[in-house]
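Before any comments, here is the structure.
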Amino acid sequence: MPEPSTLSARPRRDWGQIALAYGIYLVLLLFVAAMALLSPNFLRVTNLLNIVTQASTVAVIAVGTTMVILLAEIDLSVGSVAALAGAVTAGVLKAGGGADPVWLLLAVLAGLAIGTALGALNGALTVWGGIPSFIVTLGMLSVGRGLTLLYTGGRPIFGLGGGFSAMAYGRVGPVPVPIIILVVLYTLAALFLHTTQLGRYIYAAGTNRRAVALAGVNVDRLKVGVFALAGTLAGLGGVLLTARLDSAQPTAATGWELDVIAAVVLGGTSLYGGRGAVMKTLVGAIILQLISNGLNLLNVQAYWQQITKGGVILLALLLERSIRRVRGGDEM
Amino acid sequence: MGVATDGALALTPARFPPWLALEAGRQGNEWEGWNMLRGNAHRTLQGTPRRALRWLLAVAAALLIGGATAQATYTVGLSLSTLNNPFFVDVRDGAQQEAQLFGIKLVVTDAQNDLNKQISDIEDLIQQKVNVLLVNATDSAGVVPAVKEANAAGIPVFAIDRAIDTSTGAQVVAQIASDNVYGGRLQARRVAEVLGSTGNVVELEGIPGASAAIDRKSGFESELKSVAPNVQIIADQPAGFDQAQGLNVMQNILQAHQGQIDAVVAANDSMAVGALQAIQQAGAKRPNGQPIVVIGFDAIDQSLSQIKAGAMDSTVAQQPKLMGRLGVDAAHMLSLDSLMFSTLASGQFMPVAVQLITAQNLPQ
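Here the protein sequences come in this chain order: G and F. Throughout the first sequence, residue numbering follows my numbering, covering 1 to 332 in sequence. Throughout the second sequence, residue numbering follows my numbering, covering 1 to 364 in sequence.
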């Protein structure tokens with residue numbers, strides 16, 4: 001950090017430094033501009049709100065995954081955990097029968113609890129079982145999906161009553177509820193990571209585990225806690241998805257772990273841990289959804305969509321990295 | 001055969017048993033043997049008289065010869081992947097009905113979705129010296145060793161619902177499975193019936209490259225061209241057979257084509273239900289102010305309840321009972337004339353008709 005000094009105050013703006021910090025935002029603006037030129041329907045308020053709402057489920061899950069990746073770990077199980085949490089919530093709602101707010105709360109809490117439990121199990125197996133998180137969560141990906149199929153009997157749970165889907169379709173003024181949830185969640189996460197001691201430990205443990213341990217922090221417990229939190233957030237994503245679909249699908253959120261990781265990496269978080277910012281993960285998630293939206297608006301053919309989507313993600317990463325290189329640095 | 005007649009037949013199954021009515025409306029890719037088999041020969045005769053006559057003579061001869069020699073102990077083995085799924089329970093029930101009708105002994109095994117159990121199931125059936133094997137594979141490639149054992153024992157094998165991999169030398173007489181191309185055609189005919197001659201349709205495709213997605217799409221598009229050439233497909237997007245994707249993709253398409261969409265045709269019901277949600281949330285209507293027509297595929301409970309509520313127009317249902325019956329029919333036919341299938345390539349596709357479900361013919 002530059003020390004505040006009246007003597008060496010630089011009158012020139014440091015564009016390189018700004019680009020370094022805000023590269024992903026520039027990429028977002030570039031994409032928005034490109035889409036606005038390509039499709040007259042893109043820059044409508046409804047369309048823009050749609051994009052953020054559509055991104056909200058993946059973005060909620062990505063908060064937890066960002067923290068896991070900051071610790072130099074990985075979580076591949078989030079899609080399955082989200083599906084199971086969503087199914088349990090739907091199951092409890094069905095059992096309650098009706099839009100009683102107490103049942104509603106109970107159902108949501110049940111979903112979050114399942115997510116937290118599986119997340120904590122991921123953490124415990126990684127830390128105390130000594131198995132790499134890549135393998136642990138790959139196993140949980142399979143177990144979670146199996147449990148979801150078992151719980152639902154392979155069939156969608158639907159007919160959940162109107163009150164629940166308000167979580168996804170309600171509005172506060174002109175703003176959809178999922179967007180409010182996103183803003184609150186991301187603000188809390190950013191405050192937690194950047195201003196609290198625990199948050200700073202997460203960054204530090206990602207780069208130098210030993211130093212943090214020597215400072216008297218129980219890194220093992222910290223890790224298990226972060227995995228559990230990632231599970232809770234995956235659960236929340238699953239609950240939101242169930243509200244959005246007004247049903248729990250046994251195959252819901254299949255493959256989402258890749259979307260989530262793509263969002264985190266697009267946001268510039270290093271897969272080696274220790275570097276990254278949660279707000280940029282949100283931008284990453286929105287860019288991903290923006291690409292899908294653009295492909296639909298332009299009616300791109302199915303096979304070309306896969307090629308285009310992958311290509312555009314790589315292009316976004318290249319752009320972001322080359323903007324960083326303007327200043328030669330690779331630090332946050 | 002005129003198209004209008006086909007549509008009418010397909011939509012009024014009450015006049016015939018439903019599968020019979022649908023068989024009559026099929027064109028192009030049908031396997032004529034089914035019509036002969038169902039005593040429906042005259043319909044085929046209208047189309048391709050010479051070939052049909054040859055079939056008719058063959059079957060008549062086979063019945064005469066076979067009738068004299070067929071024994072009550074003719075045994076068919078049916079190896080199912082699972083009975084923990086209503087679809088396959090219906091396959092079994094259909095097979096049992098047909099077996100009873102012909103006095104065939106049917107032995108059913110349930111692999112409980114376990115490949116190893118299925119292989120030993122099939123080995124047991126071979127030991128019991130069944131005359132024909134109907135195999136609903138838990139895994140296309142995994143079941144091949146057991147099929148080869150049956151081949152070695154000289155027992156003909158039919159694949160039911162799921163294909164068996166014949167690329168590594170396994171011999172399969174025929175693959176009996178639902179006709180997805182025909183289902184796509186039924187969707188197109190329904191579009192023509194509801195919209196009339198003009199309108200704008202949104203098409204939601206399944207997982208790019210999946211065979212069901214390709215077949216349903218090609219059936220729909222080719223039939224729409226012939227029954228309603230002036231109906232435009234204004235958007236054609238993949239949504240992965242998934243409700244969440246169906247919802248997102250439809251939201252986006254609604255932005256691109258505000259107030260222009262008359263109908264949505266989805267390659268499965270999950271996407272159709274998702275699209276319906278997007279339409280309802282946006283409050284979108286047809287250009288003439290009426291509700292947008294949503295047509296799905298698979299007849300899952302979620303969509304049937306929407307059709308019942310009047311929110312969704314229709315869906316296409318597979319007919320698992322018919323699939324079971326036709327499996328036993330094929331085995332029976334083979335017992336009457338072992339040359340019956342000799343002209344077919346190994347693994348020839350024998351399609352099972354599917355059925356359009358609207359509010360008028362909802363299952364109870």
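Just so it is clear, CB atoms sit at the ideal spot from N, CA and C, and this is done for glycine as well.
Would a check of beta-carbon distances place residue i closer than 8 Å to chain F?
i, result
"G:T251", "yes"
"G:N208", "no"
"G:L84", "no"
"G:P156", "yes"
"G:F31", "no"
"G:L241", "yes"
"G:I313", "no"
"G:Y151", "no"
"G:S292", "yes"
Quick one: does residue i have its CB under 8 Å from some CB of chain G?
i, result
"F:Q251", "yes"
"F:L356", "no"
"F:P145", "no"
"F:D242", "yes"
"F:D139", "no"
"F:S81", "no"
"F:S218", "no"
"F:S270", "yes"
Just tell me which of the options has its CA closest to the CA of residue i.
i, options, result
"F:A359", "F:F349, F:K308, F:P351, F:G324", "F:K308"
"G:A36", "G:G294, G:A83, G:S56, G:W128", "G:G294"
"F:Q302", "F:M271, F:Q118, F:A284", "F:M271"
"F:L101", "F:V328, F:Q128, F:Q237, F:A141", "F:V328"
"F:R286", "F:G169, F:N200, F:Q277", "F:N200"
"G:R145", "G:F158, G:V102, G:A87", "G:A87"
"G:L76", "G:V52, G:L141, G:A215", "G:L141"
"F:Q243", "G:I323, G:S133, G:T254", "G:T254"
"G:N296", "F:H257, F:G94, F:E193", "F:H257"
"G:V226", "G:R200, G:S247, G:A215", "G:R200"
"G:V49", "F:Q251, F:L125, F:V132, F:V143", "The residue asked about is misnamed: residue 49 of chain G is Leu in this sequence, not Val. Here the closest residue by C-alpha is F:Q251."
"G:S133", "G:A190, G:E73, G:A213", "G:E73"
"F:A317", "F:L125, F:K148, F:L186", "F:L186"
"F:S369", "F:Q237, F:T198, F:A188", "Nothing in the structure corresponds to residue 369 of chain F, since chain F is present only between 1 and 364."
"G:V68", "G:T269, G:R325, G:V175", "G:T269"
"F:A111", "F:M333, F:T82, F:G184, F:T73", "F:T82"
So which residues of chain G does residue i contact, with C-beta pairs closer than 8 Å?
i, result
"F:E205", "A302"
"F:L247", "R244, L245"
"F:S167", "Within 8 Å Cβ-Cβ: nothing; F:S167 doesn't reach chain G, min ~24 Å."
Name, please, each residue of chain G whose Cβ falls closer than 7 Å to the Cβ of residue i.
i, result
"F:P238", "A302, Q305"
"F:A275", "Residues of chain G passing the Cβ test: none, with the nearest at roughly 12 Å."
"F:P208", "A302, Y303, Q306"
"F:Q281", "Y169"
"F:A235", "N299"
"F:S222", "Within chain G, no residue comes near F:S222; the closest Cβ sits about 17 Å away, beyond 7 Å."
Give me the chain F residues within the contact set of residue i, using Cβ-Cβ distance strictly less than 7 Å, ordered along the chain.
i, result
"G:N218", "Chain F residues near G:N218: none, gap ~39 Å exceeds 7 Å."
"G:S270", "By Cβ distance, chain F contributes nothing, its closest Cβ being about 30 Å from G:S270, past 7 Å."
What residues of chain F sit near residue i, judged by a beta carbon separation below 8 Å?
i, result
"G:R44", "Q255"
"G:S142", "Simply none; closest approach about 15 Å."
Since residue i meets chain G, which of its residues come closer than 9 Å, beta carbon to beta carbon?
i, result
"F:L78", "Residues of chain G passing the Cβ test: none, with the nearest at roughly 22 Å."
"F:D301", "R155, P156, F158"
Run down chain F in chain order and give the residues with a C-beta less than 9 Å from the C-beta of residue i.
i, result
"G:N122", "Result: empty, since nearest Cβ-Cβ is about 24 Å, beyond 9 Å."
"G:S56", "Within 9 Å Cβ-Cβ: nothing; G:S56 doesn't reach chain F, min ~11 Å."
"G:S133", "Result: empty, since nearest Cβ-Cβ is about 26 Å, beyond 9 Å."
Please confirm if residue i has its CB atom under 8 Å from at least one CB of chain C.
i, result
"G:L147", "Any reference to chain C falls outside this structure, whose protein chains are G and F."
Those runs of the alpha helix (DSSP H) which lie wholly inside the segment 267-310 of chain G and span at least 4 residues: For the segment 267-310 of chain G, whole alpha helix (DSSP H) runs of length 4 or above, ordered along the chain, are 278-297.
Ranges of the beta strand (DSSP E) found wholly within the segment 65-112 of chain F, counting only runs of at least 3: 75-80, 105-110
The segment 157-166 of chain F touching the segment 129-146 of chain F, judged by at least three CB pairs closer than 8 Å: Yes: the two stretches touch, three or more of their Cβ pairs being nearer than 8 Å.
Entirely enclosed alpha helix (DSSP H) segments - the segment 156-184 of chain G, minimum 4 residues: 162-169
Validate contact between the segment 264-278 of chain G and the segment 103-111 of chain G using beta carbons, cut 8 Å, 3 pairs: no
Cβ contact (3+ pairs, closer than 8 Å) linking the segment 246-261 of chain G and the segment 22-30 of chain G: no
Complete beta strand (DSSP E) runs within the segment 179-248 of chain F (minimum length 3 residues, chain order): 199-205, 231-238
Whole runs of the beta strand (DSSP E) within the segment 271-298 of chain F, excluding any shorter than 3 residues: The segment 271-298 of chain F contains these whole beta strand (DSSP E) runs: 293-295.
Stretch-stretch touch, CB-based, cutoff 8 Å, three pairs: the segment 207-221 of chain G with the segment 201-213 of chain F: no
contact_flag[the segment 170-182 of chain F, the segment 99-118 of chain F] where n(CB pairs < 8 Å) is 3 or more: No, the segment 170-182 of chain F is not in contact with the segment 99-118 of chain F.
The segment 189-196 of chain F / the segment 142-149 of chain F touching (three or more Cβ pairs under 8 Å): no
Inter-stretch contact (C-beta, 8 Å, three-pair minimum) for the segment 106-125 of chain G and the segment 78-85 of chain G: yes
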